[in-house]
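Some notes on the structure that comes next.
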Amino acid sequence: MLDLLLWLLGFSLLLWIFLSLLASRLVNPLGVLLGVLLAPVAFLIGVFLTGAALAFLALSLPWLLLLAVPLALFVGFFLALFALAALSGTSIGAAFLALLLALIIMALLSAAAWHTPTPPFLPRHLMF
Numbered sequence: 000m001l002d003l004l005l006w007l008l009g010f011s012l013l014l015w016i017f018l019s020l021l022a023s024r025l026v027n028p029l030g031v032l033l034g035v036l037l038a039p040v041a042f043l044i045g046v047f048l049t050g051a052a053l054a055f056l057a058l059s060l061p062w063l064l065l066l067a068v069p070l071a072l073f074v075g076f077f078l079a080l081f082a083l084a085a086l087s088g089t090s091i092g093a094a095f096l097a098l099l100l101a102l103i104i105m106a107l108l109s110a111a112a113w114h115t116p117t118p119p120f121l122p123r124h125l126m127f
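Laid out in structure tokens, this is it:
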């Protein structure tokens with residue numbers, strides 16, 4: 000659980016740095032943290048509402064079912080991106096670029112952490 004919390008804080012810090020650089024000013028770090036925490040909720044709301052609307056419209060236009068899943072995922076992603084941009088006070092384009100950069104760097108750091116050998120543990124009686 001601690002590793003997930005550290006990953007979340009590291010990701011939020013990287014996102015805050017990139018959003019501040021792309022906005023040419025310091026953005027609110029609490030807004031970025033709230034955006035990171037509330038973006039999945041916004042994604043789920045967008046997917047559910049779009050899916051429900053398209054399911055209702057598919058009664059009269061059945062070919063809409065072919066577009067239902069990709070369109071629902073796109074609207075959910077766009078709503079999550081909008082929530083992040085609104086809470087951090089930046090544009091959607093800057094939020095998207097900062098999100099991509101932060102995700103790439105966190106993925107590289109995670110891969111490096113997995114491939115770094117860890118030293119063996121000391122026996123319990125030598126630790127204290």
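When we follow numbering that gives the first Met the number 0, the leftmost residue of the sequence shown carries the number 0, and every step to the right adds one. Using N, Cα and C, we set each Cβ at its ideal position, and we do this for glycine too.
Distance CB(residue i)-CB(residue j) smaller than 8 Å
i	j	result
V35	G88	no
L72	V40	no
G9	L86	no
G92	A67	no
A97	L21	yes
L120	L78	Looking at the sequence provided, one finds Phe at residue 120 rather than Leu. For F120 and L78, no; Cβs fall outside 8 Å.
L32	S11	yes
As assigned by DSSP and simplified to three states, the class of residue i
i	result
G50	helix
P28	helix
M0	coil
S23	coil
F10	helix
F17	helix
Cβ distance (whole Å) where residue i is taken to contact residue j below 8 Å
i	j	result
A82	L37	6 Å
Min CB distance residue i to chain D below 8 Å
i	result
W15	Structure shown: chain D not included; a single protein chain is present.
Segments assigned alpha helix (DSSP H), at least 4 residues, entirely inside the region 37-101: 64-87
Between the region 11-23 and the region 45-59, do at least 3 Cβ pairs fall closer than 8 Å? no
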